[in-house]
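Worksheet: the structure to be examined is printed underneath.
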Amino acid sequence: MESSKPIAQDFDYLLVLDFEATCIEHEKIQPVQEIIEFPVIAISTDGWKETAVFHQYVKPTVNPILTPFCTSLTGIIQNTVDNGKTLPEVLKDFDFWLEENQIKQTNFAFVTCGDWDLKFALPDECQAKKMQIPEYFTKWINVKKAYAEHTGSFPKYGLQSLLAKCNLTFEVKDFNS
Numbered sequence: 001m002e003s004s005k006p007i008a009q010d011f012d013y014l015l016v017l018d019f020e021a022t023c024i025e026h027e028k029i030q031p032v033q034e035i036i037e038f039p040v041i042a043i044s045t046d047g048w049k050e051t052a053v054f055h056q057y058v059k060p061t062v063n064p065i066l067t068p069f070c071t072s073l074t075g076i077i078q079n080t081v082d083n084g085k086t087l088p089e090v091l092k093d094f095d096f097w098l099e100e101n102q103i104k105q106t107n108f109a110f111v112t113c114g115d116w117d118l119k120f121a122l123p124d125e126c127q128a129k130k131m132q133i134p135e136y137f138t139k140w141i142n143v144k145k146a147y148a149e150h151t152g153s154f155p156k157y158g159l160q161s162l163l164a165k166c167n168l169t170f171e172v173k174d175f176n177s
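So in UniProt numbering, spot 117 of the sequence shown is number 117, and the numbers just go up one at a time.
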């Protein structure tokens, strides 16, 4: 029987990212949706182990009051974001975290479940607030697209259903407690 060997990877680290943002039920929040939770888990492709976690809550400044719908959907309460840092501060902290964990100098990519986080949420907010978006946020792997390329079927739902189709389970890191 042939033993399976790990497949060589293009990236040294995969940074799993899943923003939460301000929202209103049944409509688009104006003038911009703001990120309120910024969680990232770093996974080394050499051994496939979690090596570091970055997690901060972000204080919205355009629409600072969370809607009841937003709290219900995300589990994030007003007091939590009130005590958070602004997006420019969080981005600065994140850049420091990348340096501190010796990730920034490596070949890394973000991993998202969909394109929303890095194609819309962060760029739209940075543009609305006239902030420069760091270059490293421009490359990511959408696991839905990767799954579709591998199977020929695009998953209709979120990460939970995608993992179920692969007979995998999801280990939840509960940041919203």
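In this text, a Cβ means the ideal position worked out from N, Cα and C, and glycines have one as well.
Using a Cβ-Cβ cutoff of less than 7 Å, which residues in the same chain neighbour residue i once the five nearest sequence positions on both sides are dropped?
i   : result
N63 : T22, I29, E34
V90 : F38, Q56, V58
Name the DSSP bridge partner or partners of residue i?
i    : result
K49  : S44
I35  : A21
H55  : P39
V111 : V16, I141
For residue i and residue j, what's the separation of their Cα atoms in angstroms?
i    : j    : result
F96  : N142 : 25 Å
C126 : I133 : 6 Å
K156 : E149 : 14 Å
I24  : C70  : 6 Å
T80  : P123 : 24 Å
T86  : D12  : 30 Å
I77  : T106 : 36 Å
V111 : M131 : 23 Å
K49  : T61  : 36 Å
State the CB to CB distance for the pair residue i and residue j, rounded to an integer number of angstroms; the pair is presumed to be in contact (CB under 8 Å).
i   : j   : result
N83 : T51 : Between T51 and N83 the Cβ distance is about 27 Å, and since that is not below 8 Å, they are no contact.
A42 : L15 : 5 Å
**Unbroken stretches of the beta strand (DSSP E), 3 residues or longer, contained in the region 127 to 166** = 140 to 142
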